[in-house]
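Undergrad:
Numbering (the working numbering), first residue to last: 1 to 575.
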């Protein structure tokens, strides 16, 4: 009986400890019962709650190795199509597990990747660049002929055009090189070798056609040009003989003092003063020329009108009309009262002093610049922007010579006093000297760095003056074939250059700096500055005895500079 009571008490104690552990009302009962020796029963409830906390530990470690399996297969997840197409698909743990579960490929199979269109284009571009690089390497190793004729022959045998529009020799050779490299890369060596064999066979074969070609090449002229060359040769021989005889006489005659004569001429040039100024036209003036006797002056303007003036009064005598565009230059015949005008309408006209047009010279392809008469008066030279200058027969109006040689527009033209030579200058910064008796270019005068606008022969026969946009005037010695002196003449471009026509003792230059200057031909020092124009000085001319100079300008005025008043005063003093 006692034992049963003890068991019931212990059971009640256990129940009370489990149910109301936090209840304060039960605490006194527990404390009264715990005084009894029943402590071993408390250990089991302490060990039982520790089991659930230890049990989940193995469950946490089990899923950890699972993400390691798809690691080798994860690169296909980041695919270009997904980024290109803009799919907003994101990978989570479930999708990773699905892909990892289904992404295991057998060991013998390889994964296939999708290539985007952009990647394919980039790959094709790289392959094409590699092929071009290989072709260039092959081309560099090939032997290509350097002779242009052989290059053309090989292109013809390969079935290619021998030349393309605008293609030069080196470009043609490079095209042949690339073509041969392409044939070599494509394996068509037989065609290439056959072309080589044909070329060698053609080189070894005798050429009968080349025997008929005569070098140097020339264009056959007309019979009228041949007759003109004969007349020019006869005229030049006579004139040169007289010039040399006169030079020898001056040198051998003890009474001739050349230095004193030059000093007197330069003194007269230094005394030049403004004698007359007159409005020449409503538009800027572009050219002027004295008659052979110095009694008349001709001017032309941008209005296309040429006018005749009496000298020294500078009164208008006649107006010459006929050009449809602006007039660029005017020139008097050295033997008569014939007048030639040039215009931008690509024609030149020959008129008399009464204003009637006798000849019209047509043929230039662009506007005309300067014109000049041959010393014999039978021929007229015209310079044009079509890169040529032409020689015309004054009596018949026939074009005798079309002379090429300048790479750019021809601007100035001048004839030697003997009539044997002609000098042309142009926008290619060159001056060329031509032999009218044979048609050859005997000198190419290089030195100017900008276009040359003025050229003039000296009466002494061996000096030539040129002026251009580089603000300098160069003196050339035809005997030495080089530049003799460089005159830093003006602060702007030089529009015209003229020697004194009788002896050539001084030189006159006009410029866009609104001045004209006189220079000594002995030491090329400045003698006189003719200042008075209010705009660009476009042209000038010197009278036969050198006592009067005419200048025209964009200020529309004609100015005469003369030293005759000083001479009159001196003669009066002597009397």
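Even glycine gets a Cβ: it sits at the ideal position worked out from N, Cα and C.
If you're wondering where the values come from, they're calculated on a predicted model, not measured in any experiment.
In three-state DSSP terms, what is residue 246?
TA: Taking the chain shown and counting its residues from 1, the one referred to as residue 246 is at position 246. In this structure, residue 246 counts as helix in the three-state DSSP scheme.
Undergrad: If we count the other Cβ atoms within 10 Å of its Cβ and call it buried at 16 or more, is residue 159 buried or exposed?
TA: Sequence index remark: in the chain shown, residue 159 carries index 159 (1-based). Residue 159 comes out exposed.
Undergrad: Which residues bound the beta strand (DSSP E) around residue 268?
TA: Position 268 of the chain shown, counted from the first residue, corresponds to residue 268. Unbroken run through residue 268 is the alpha helix (DSSP H), 258 to 270; no beta strand (DSSP E).
Undergrad: So which of 149, 156, 181 has the shortest CA-CA distance to residue 170?
TA: Locating residue 170 in the chain shown gives position 170, where the first residue counts as 1. Answer by Cα proximity: 149.
Undergrad: Suppose the cutoff is 6 Å on Cβ atoms and the five residues either side in sequence are ignored; what does the same chain contact list for residue 379 look like?
TA: Here residue 379 corresponds to residue number 379 of the chain shown, with the count starting at 1. Taken in chain order, the residues that qualify are 391.
Undergrad: Can you give the Cα-Cα distance for residue 519 and residue 465, rounded to whole angstroms?
TA: Here residue 519 corresponds to residue number 519 of the chain shown, with the count starting at 1. Here residue 465 corresponds to residue number 465 of the chain shown, with the count starting at 1. Taking the straight line joining both Cα atoms gives about 12 Å.
Undergrad: Report yes if the C-beta distance between residue 384 and residue 368 is below 8 Å; otherwise report no.
TA: Here residue 384 refers to the residue found at position 384 of the chain shown. Here residue 368 refers to the residue found at position 368 of the chain shown. Yes, they are a contact pair.
Undergrad: Is residue 547 buried or exposed, if buried means 16 or more other CB atoms sit within 10 Å of its CB?
TA: Position 547 of the chain shown holds residue 547. By the 10 Å Cβ count, residue 547 comes out buried.
Undergrad: What residue from 411, 535, 322, 395 has the CA that sits closest to residue 224's CA?
TA: By one-based count along the chain shown, residue 224 stands at place 224. Here the closest residue by C-alpha is 395.
Undergrad: When you compare only the Cα positions, how much space is there between residue 321 and residue 543?
TA: If you number the chain shown from 1, residue 321 lands on position 321. If you number the chain shown from 1, residue 543 lands on position 543. Rounded to the nearest angstrom, the two C-alpha atoms are 25 Å apart.
Undergrad: Which term fits residue 226, buried or exposed, when burial requires 16 or more other beta carbons within 10 angstroms of its beta carbon?
TA: Working through the chain shown from its first residue, we reach residue 226 at position 226. It counts as exposed.
Undergrad: For the candidate residues 473, 502, 532, 535, whose alpha-carbon lies nearest to that of residue 524?
TA: By one-based count along the chain shown, residue 524 stands at place 524. Checked all of 473, 502, 532, 535; the closest Cα to residue 524 is 473.
Undergrad: So who's on the other strand from residue 251, going by DSSP bridges?
TA: Your numbering for residue 251 matches position 251 in the chain shown. Its beta-bridge partners do not exist; DSSP assigns none.
Undergrad: Between which two residues does the alpha helix (DSSP H) containing residue 185 stretch?
TA: For the purposes of this step, residue 185 is taken as residue 185 along the chain shown, with counting starting at 1. Element bounds for residue 185: 169 to 185.
Undergrad: Go through its chain and collect everything with a Cβ distance to residue 445's Cβ below 6 Å, but skip five positions before and after it.
TA: Position 445 of the chain shown holds residue 445. Only 431, 476 meet the Cβ criterion.
Undergrad: Which one or two residues does DSSP pair with residue 440 in a beta bridge?
TA: The sequence position of residue 440 within the chain shown is 440, counting from 1. For residue 440, no pairing in a beta bridge is given by DSSP.
Undergrad: Are the beta-carbon atoms belonging to residue 398 and residue 387 less than 8 Å from one another?
TA: One-based indexing of the chain shown puts residue 398 at position 398. One-based indexing of the chain shown puts residue 387 at position 387. No; because the gap between Cβ atoms is not below 8 Å, this pair is not in contact.
Undergrad: In the structure shown, what three-state DSSP assignment does residue 549 receive?
TA: Translated into the one-based positions of the chain shown, residue 549 becomes position 549. Note: residue 549 maps to strand in three-state DSSP.
Undergrad: So which of 314, 479, 157 has the shortest CA-CA distance to residue 442?
TA: Counted from its first residue, the chain shown places residue 442 at position 442. Of the candidates 314, 479, 157, the one whose C-alpha sits nearest the C-alpha of residue 442 is 479.
Undergrad: What first and last residue would you give for the alpha helix (DSSP H) that runs through residue 149?
TA: The residue you call residue 149 lines up with position 149 of the chain shown. Unbroken alpha helix (DSSP H) run through residue 149: 148 to 157.
Undergrad: For residue 306, which of 269, 351, 274 has the nearest alpha-carbon?
TA: Counting from 1 along the chain shown, the entry for residue 306 is found at position 306. Minimum Cα distance to residue 306 is reached at 351.
Undergrad: Would you decide whether residue 516 is buried or exposed? Buried here means 16 or more other CB atoms lie within 10 Å of its CB.
TA: For this step, residue 516 is matched to residue 516 along the chain shown. Per the 10 Å Cβ criterion, buried.
Undergrad: So which of 152, 527, 145, 496 has the shortest CA-CA distance to residue 289?
TA: Numbered from 1 along the chain shown, position 289 holds the residue referred to as residue 289. When only C-alpha atoms are compared, the closest one is 496.
Undergrad: May I have the straight-line CA-CA distance separating residue 586 from residue 372, to the nearest angstrom?
TA: This structure does not reach residue 586, given that the chain is present from 1 up to 575, and the question cannot be answered.
Undergrad: Quick one: Cα of residue 483 to Cα of residue 462, how far?
TA: In the chain shown, the residue the question calls residue 483 occupies position 483. In the chain shown, the residue the question calls residue 462 occupies position 462. Answer to the nearest angstrom: the Cα atoms are 12 Å apart.
Undergrad: Candidates 554, 341, 229: which alpha carbon is nearest residue 353's?
TA: Position 353 of the chain shown, counting from 1, holds the residue named residue 353. Selected option, being the one with the closest Cα: 341.
Undergrad: Using 8 Å as the Cβ pair cut-off and three pairs as the minimum, do the segment 289 to 305 and the segment 260 to 277 touch?
TA: no
Undergrad: What is the DSSP secondary structure of residue 324, counted as helix, strand or coil?
TA: Along the chain shown, one-based indexing puts residue 324 at 324. Here residue 324 sits in coil by DSSP.
Undergrad: When the distance is taken between beta carbons, is residue 329 closer than 8 Å to residue 370?
TA: What you label residue 370 is simply residue 370 of the chain shown in a count that begins at 1. What you label residue 329 is simply residue 329 of the chain shown in a count that begins at 1. Yes, the Cβ-Cβ distance between residue 370 and residue 329 is below 8 Å.
Undergrad: Locate the beta strand (DSSP E) running through residue 379, then write down its first and last residues.
TA: Indexing the chain shown from 1 puts residue 379 at position 379. Element bounds for residue 379: 379 to 384.
Undergrad: In the DSSP assignment, what are the bridge partners of residue 373?
TA: Residue mapping note: residue 373 aligns to position 373 of the chain shown, counting from 1. Beta-bridge pairing by DSSP links residue 373 to 380.
Undergrad: Where do the ends of the beta strand (DSSP E) carrying residue 512 lie?
TA: Against the chain shown, residue 512 aligns to sequence position 512. No beta strand (DSSP E) holds residue 512; DSSP gives it neither H nor E.
Undergrad: For the segment 459 to 529, list the beta strand (DSSP E) runs that are entirely contained and at least 3 residues long, ordered along the chain.
TA: 463 to 468, 473 to 477, 482 to 487, 494 to 499, 506 to 511, 515 to 520
Undergrad: Compute the distance between the beta-carbons of residue 467 and residue 451, then report whether it is under 8 Å.
TA: Position 467 of the chain shown, counting from 1, holds the residue named residue 467. Position 451 of the chain shown, counting from 1, holds the residue named residue 451. No.
Undergrad: With a threshold of 8 Å on Cβ separation, who are the neighbours of residue 135 within its own chain once the five nearest residues in sequence on each side are excluded?
TA: Translated into positions along the chain shown, residue 135 becomes position 135. Excluding positions up to five away in sequence, the list reads 178, 181, 182, 185.
Undergrad: Measuring straight from C-alpha to C-alpha, what distance separates residue 220 and residue 229?
TA: The residue labelled residue 220 in the question sits at position 220 within the chain shown. The residue labelled residue 229 in the question sits at position 229 within the chain shown. If you take the alpha carbons of residue 220 and residue 229, they lie about 13 Å apart.
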